[in-house]
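These protein sequences, in sequence, are chains A and B. Everything in the first sequence is counted per this note's numbering, starting at 9 for the first residue and increasing by one. Everything in the second sequence is counted per this note's numbering, starting at 2 for the first residue and increasing by one. Written below as structure tokens is the structure these notes are about.
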Amino acid sequence: MSRPIIRFKDFTFKYRSQKEPTLKNINLTIHEGEKVLIVGPSGSGKSTLAHCINGLVPFAYEGDITGSLTINNEETKELDIFSISKYVGTVLQDPDGQFIGLSVGEDIAFSLENDCVEQQEMKEQVVDISKLIDMENKLHASLHELSGGQKQRVSLGGVMVDDVDILLFDEPLANLDPATGKHAIELIHDIQQQMNKTVIIIEHRLEDVLHCPVDRVIVINDGEIVSDTTPDELLSSTVLESSNIREPLYVKALKYAGCQITPELRPSHIDTLKIDQCKEKVLAWYESSEQQKPIKKTAPILSMENVSFGYRDGESTIKNVSFSIDQGEIVSIVGKNGAGKSTLAKLICGFEKVDTGKIYYHDQEITNDTIHDRAEKIGIVMQNPNHMISKHMIFDEVSLGLVTRGVPEAEIKQRVEDTLKICGLYPFRNWPISALSFGQKKRVTIASILVLEPEVIILDEPTAGQDFKHYTEIMEFLLELNKRGITILMVTHDMHLMLEYTPRAIVIADGQIIADRSAVEVLTDHELVEQANLKETSLFTLALRAGIDEPIEFVNRFIAYDREVRKIWP
Amino acid sequence: MAVEMLSYIEKNSPVHRLSGATKLIVFLLWSSAAMLTYDTRVLLFLFVISITIFWLSKVALRDVAFVLIFILIFLLLNNIAIYLFSPQEGVSIYGTSHVLFEIAGRYNVTLEQLFYQFNITLKYFVVIPAALLFIVTTHPSEFAASLNRIGVSYKIAYAVSLALRYIPDIQRDFRTISQAQQARGIDLSRNEKFFTRIKNAISIILPLILSSLDRIEVISNAMELRGFGKKKKRTWYSAKPFRRSDYITIFVSVIIFILSVIITFYDGSRFYNPFL
């Protein structure tokens, strides 16, 4: 075994503003050259653990530490954040937020500037690093022009320029489309292999990280380490389920089929999985599960006809788009970052005005209606709840739309309370919003839209940044709303969400609709997946490898079965 | 949008090639000179040079038209206010009174007053091209470096340049938030009563502050993790080294500054008096 580089010993940390410690009695050793994945649900303390390693705790976020944490055999609390940053390079989750320079070269150089490196030498070093991350031809490019994957490369370059030993990635997949996420994981793997760095990845999307091999997975729940083992061992245990972390879908399918998962099966990747021992069981499960009925057509509620739009003259973000959504449907809009998904949602709500084309609600044309008029028919929930919340108290926030519409007070009270009950927020109605978790805030924003009784709700990334438990909660809640007759449109990057909850998917690339069919069909169509930066589902691969003749139907049946099982969850 | 209009305009001109620090120094000298003097001859001379340099920079007038119009409106208001509050200022400065016509009471129009306000306007016209040029021909990356070079602490210099840089982002946030709020019936347009509009604006400001605080937390963490603030000094990747043209430019503008101060003050008055 190589040299230990990070060592937590009986480490406990409590934020100054909190009563209970966030990390409790952590004992963890990470060795030089290891690649470690740290997973855990929201609020488990995994981000705090990352902050301890890079020095933000206790130097930026103050609190009380007991026990010891050493990096390179130096006790971190006796160092300062700058010395720690010479050992640990951190790539934060939002590449846009962490760019400091304006051009690629300038951003990579930031750390060198702070070290007072002379300009000439600095330029040479930047060129060297940019070759490593494959950006040497883009040194003068503005960061805004880059794609999501390129941005990730630049932020990696910015920390590698310091020649750190440890690379720490804090939720690297959070804002990337599925294909870009896959490339990011591959890039991290390549860098680790080439440079022999120690790599620590904090993520809750286990299946996506396991795309490339990982030495160890550490599971954190409630501030404690509940598991510290190899991916194969972990997937063979029940730790993930009890910690509310989503297992890879193919593993789930194998479990449903009654296969005993053992480390010998090599379950950490669908390609390494020894499927032979499970084949029969999977086939038997497939035969026994029910065939899914196609959904009945109803009347269209929302349609777009030949809509085109550009933010500036001569530029078109949306090109001649036509589609129609039926009453009671749940539809996802998917595609690359910047393909025009959010713009489409804005056009529907009237935030932007179409250049040409028409929008219909039922049979009525609403192309020229104002935002205010449309809001009573079509509600939109933004990705970031902080962009919507403007009151201190939950009741006031939810009632805001009704108050401005001059609804009588008695009716407001009734409607708000009814909505809060539907959203499971009734017990908190007199709470300040600041006391809520992110997921609950999201619900408040949904409630504040729902109270206006729209027939269609559009959600922009409804589950971004949510762990599996909150994800399931939010999605089941939306499904509940859907059963009450509300039509739901979701803009999303989450392939699981699309597969599980939206029977139909509209795929957008470069401002055009390139596919409009069932989500399962989209995610099993290799060409389409490539074109729109999506990711094939591992279930499909599993079905192929198990020798099922109708892999698409297999995916369908799994989804239906899985949802039934999860409904019984406490 | 206004701020986008005030952003860097990429051109290849002698003005663009100068280092940002040079432009900042020249701008400071230029505006001090224009502020000190009321000497019409000096102002006219500075004005001609200002216009010439503006022409040299290849910046098109329409690129800065929005800001220019904004300043001109402000200038007009300023002139009206001066006249309203002190219609006899020119007379008391120049000591004579050539009345063109009477309006009412102490309000009449004199050549002296017109000349005085013409000088004020001229001051604006001397400073405007210099200020605009400094902003639109200095690459934002170089901005902080230039401030630092003339002695501003690099932390403050960086804070200023980051603040400027985040304005477009905050505008975008503002737009998103205001759209979301409009959908809930919060109207900021003229259809609403003034008082309600103010109240409604507040409901956009709270979320804007919260999301800006988030942004600040992320960026300050990112900066600290990459060693910002570690040392007393720092170097700059995009600072332009001083070249001969920079030294010449600074030298020439110092000469102009000194000359204009001498001409202004040699007869003991900051005003040039054509009425004597």
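C-beta: ideal position from N, C-alpha, C; glycine also.
- In chain order, which beta strand (DSSP E) runs of at least 3 residues are fully inside the stretch 65-143 of chain B? 100-105 and 108-111
- Looking at the C-beta of A:PRO578, does it have a partner C-beta in chain B at a distance below 7 Å? Numbered from 1 along the first sequence, position 570 holds the residue referred to as residue 578 of chain A. Residue placement at A:PRO578 cannot be trusted, given a pLDDT of 45 that sits under 50; the coordinates are not used to answer.
- Message: Any beta carbon from chain A within less than 7 Å of B:GLN114's own beta carbon?
- Response: Residue 114 of chain B sits at position 113 when you count from the first residue of the second sequence. Output row for B:GLN114: interface = no.
- Message: Relative to the C-alpha of A:ASN81, which candidate in A:ILE92, A:THR74 and A:ASP72 has its C-alpha closest?
- Response: For the purposes of this step, residue 81 of chain A is taken as the residue at position 73 of the first sequence. When each option's Cα is compared against that of A:ASN81, the closest is A:ILE92.
- Message: I'd like to know if the stretch 106-120 of chain A and the stretch 224-238 of chain B are in contact, where contact means that at least 3 CB-CB pairs between them fall below 8 Å.
- Response: yes
- Express the C-alpha separation of B:ALA158 and B:ASN149 in angstroms, rounding to a whole number. For this step, residue 149 of chain B is matched to residue 148 along the second sequence. For this step, residue 158 of chain B is matched to residue 157 along the second sequence. Near 6 Å, if we compare the C-alpha coordinates of B:ALA158 and B:ASN149.
- If you measure beta-carbon to beta-carbon, which residues of the stretch 226-253 of chain B are closer than 8 Å to chain A? LEU226, ARG227, GLY228, PHE229, GLY230, LYS231, LYS232, LYS234, ARG235, THR236, TRP237, TYR238, SER239, ALA240 and PRO242
- Item | Beta-carbon spacing of B:VAL127, B:PHE252 below 7 Å | For the purposes of this step, residue 127 of chain B is taken as residue 126 along the second sequence, with counting starting at 1. For the purposes of this step, residue 252 of chain B is taken as residue 251 along the second sequence, with counting starting at 1. No, these two residues do not count as a Cβ contact at 7 Å.
- Query: Contact check, A:ILE516 vs A:LEU352 under 8 Å by CB: the rounded distance?
  - Reply: On the first sequence, position 508 is the one that residue 516 of chain A refers to. On the first sequence, position 344 is the one that residue 352 of chain A refers to. Yes, A:ILE516 and A:LEU352 are in contact; Cβ-Cβ is about 7 Å, under 8 Å.
- Message: Just to check my reading of the structure: B:THR185 and A:THR378 have Cβ atoms closer than 8 Å, yes? What is that Cβ distance to the nearest angstrom?
- Response: Reading the second sequence from its first residue, position 184 is the one you call residue 185 of chain B. Reading the first sequence from its first residue, position 370 is the one you call residue 378 of chain A. For the sequence presented, residue 185 of chain B should be read as Arg rather than Thr. Incorrect: roughly 13 Å between the Cβ atoms, too far for contact.
- DSSP puts A:GLN372 in a beta bridge; with which residues? For the purposes of this step, residue 372 of chain A is taken as residue 364 along the first sequence, with counting starting at 1. A:GLN372 is bridged to A:TYR369.
- On the three-state DSSP scale, how would you describe A:GLN391? Reading the first sequence from its first residue, position 383 is the one you call residue 391 of chain A. Note: A:GLN391 maps to coil in three-state DSSP.
- Query: Which bits of chain A does B:GLY21 rub up against, with CB to CB less than 8 Å?
  - Reply: Locating residue 21 of chain B in the second sequence gives position 20, where the first residue counts as 1. Chain A residues near B:GLY21: none, gap ~13 Å exceeds 8 Å.
- Message: Distance check for A:LEU184 and B:PHE243, CA to CA, integer angstroms please.
- Response: Along the second sequence, read from residue 1 onward, the residue named residue 243 of chain B stands at position 242. Along the first sequence, read from residue 1 onward, the residue named residue 184 of chain A stands at position 176. Going by the C-alpha atoms only, they are around 42 Å apart.
- Using a Cβ cut-off of 7 Å (strictly closer), state whether A:LEU164 contacts chain B. Position 156 of the first sequence, counted from the start, is the residue given in the question as residue 164 of chain A. No, because no Cβ of chain B sits closer than 7 Å to the Cβ of A:LEU164.
- Query: Going along the chain, which residues of the stretch 175-190 of chain B sit with their C-beta nearer than 8 Å to a C-beta in chain A?
  - Reply: THR177, ILE178, GLN180, ALA181, GLN182, GLN183, ALA184, ARG185, GLY186, ILE187 and ASP188
- Task: Would you kindly work out how many angstroms separate the C-alpha atoms of A:LYS4 and A:ILE457, rounded to a whole number?
- Result: The structure shown does not extend to residue 4 of chain A, since chain A is modelled only from 9 through 578, so no value can be given for it.
- Query: For the alpha helix (DSSP H) that A:ARG423 lies in, which residues bound it at each end?
  - Reply: Mapped onto the first sequence, residue 423 of chain A falls at position 415. From DSSP, the alpha helix (DSSP H) with A:ARG423 extends over 417-430.
- Query: How would you write the range of the alpha helix (DSSP H) that A:ASN145 sits in, first residue to last?
  - Reply: On the first sequence, position 137 is the one that residue 145 of chain A refers to. Note, A:ASN145: premise wrong, no alpha helix (DSSP H); not H, not E.
- Task: Going by CA-CA distance only, name the one from B:ILE249, B:ILE187 and B:LEU209 that's closest to A:GLY414.
- Result: For the purposes of this step, residue 414 of chain A is taken as the residue at position 406 of the first sequence. Measuring from the Cα of A:GLY414, the nearest candidate turns out to be B:ILE187.
- Item | Interface partners of A:SER111 on chain B, CB under 8 Å | Locating residue 111 of chain A in the first sequence gives position 103, counting from the first residue. Those are SER142 and SER239, listed as they occur along chain B.
- Message: With three or more beta-carbon pairs closer than 8 Å as the criterion, would you say the stretch 537-556 of chain A touches the stretch 232-244 of chain A?
- Response: no
- Hey, A:GLU114 and B:TYR238: beta-carbon distance below 7 Å or not? Here residue 114 of chain A refers to the residue found at position 106 when the first sequence is read from its first residue. Here residue 238 of chain B refers to the residue found at position 237 when the second sequence is read from its first residue. Yes. Within cutoff.
- Message: Along the chain, where does the alpha helix (DSSP H) containing A:HIS380 start, and where does it finish?
- Response: By 1-based counting over the first sequence, the position of residue 380 of chain A is 372. Element bounds for A:HIS380: 379-383.
- For A:ILE288: DSSP bridge partner residues: Within the first sequence, numbered from 1, the residue matching residue 288 of chain A stands at position 280. Checking the sequence shown, residue 288 of chain A turns out to be Glu, not Ile. According to DSSP, A:GLU288 bridges with nothing at all.
- Is there at least one Cβ from chain A nearer than 7 Å to B:ASN222's Cβ? Walking along the second sequence from the start, residue 222 of chain B turns up at place 221. It does: the Cβ of B:ASN222 has a partner Cβ on chain A nearer than 7 Å.
- Message: Using the Cβ count rule (16 or more neighbours within 10 Å means buried), how would you classify A:TYR95?
- Response: Here residue 95 of chain A corresponds to residue number 87 of the first sequence, with the count starting at 1. Buried, because 16 or more other Cβ atoms sit within 10 Å of the Cβ of A:TYR95.
- Alpha carbon of A:LEU257 to alpha carbon of A:LEU507, nearest angstrom: The count along the first sequence starts at 1 and reaches residue 257 of chain A at position 249. The count along the first sequence starts at 1 and reaches residue 507 of chain A at position 499. Taking the straight line from one Cα to the other gives about 11 Å.
- Message: Give me, in chain order, the residues of the same chain whose beta-carbon lies closer than 7 Å to that of A:LYS289; leave out the 5 immediate sequence neighbours on both sides.
- Response: Position 281 of the first sequence, counting from 1, holds the residue named residue 289 of chain A. For A:LYS289, where only same-chain residues beyond five positions count, the Cβ hits under 7 Å are ALA265, GLY266 and CYS267.
- Give a yes or no on whether the C-beta atoms belonging to A:GLU211 and A:LEU181 are separated by under 7 Å. Position 203 of the first sequence, counted from the start, is the residue given in the question as residue 211 of chain A. Position 173 of the first sequence, counted from the start, is the residue given in the question as residue 181 of chain A. Yes, the Cβ-Cβ distance between A:GLU211 and A:LEU181 is below 7 Å.
- Item | Members of the stretch 423-453 of chain A that neighbour chain B once the beta carbon cut-off is set at 7 Å | none
- Message: Here's a check: name, in chain order, each residue in its chain whose Cβ is nearer than 8 Å to the Cβ of A:ILE226, leaving out the five neighbours to either side.
- Response: Within the first sequence, the letter at position 218 stands for residue 226 of chain A. Excluding sequence neighbours, A:ILE226 sits near LEU36, VAL44, LEU45, ILE46, VAL47, ILE233, SER235 and ASP236.
- Inter-stretch contact at 8 Å, needing at least 3 Cβ pairs: the stretch 308-328 of chain A / the stretch 266-285 of chain A: no
- Enclosing beta strand (DSSP E) for A:LEU176 [first to last residue]: Here residue 176 of chain A refers to the residue found at position 168 when the first sequence is read from its first residue. Element bounds for A:LEU176: 174-178.
- At a Cβ threshold of 7 Å, is B:VAL137 touching chain A? On the second sequence, residue 137 of chain B is found 136 positions in, with the first residue counted as 1. No - not a single Cβ of chain A is within 7 Å of the one on B:VAL137.
- Beta-carbon of A:GLN160 versus every beta-carbon of chain B: anything under 7 Å? As a first step, residue 160 of chain A is located in the first sequence; it is residue number 152 there, counting from the start. Judged by the 7 Å Cβ criterion, A:GLN160 is not in contact with chain B.
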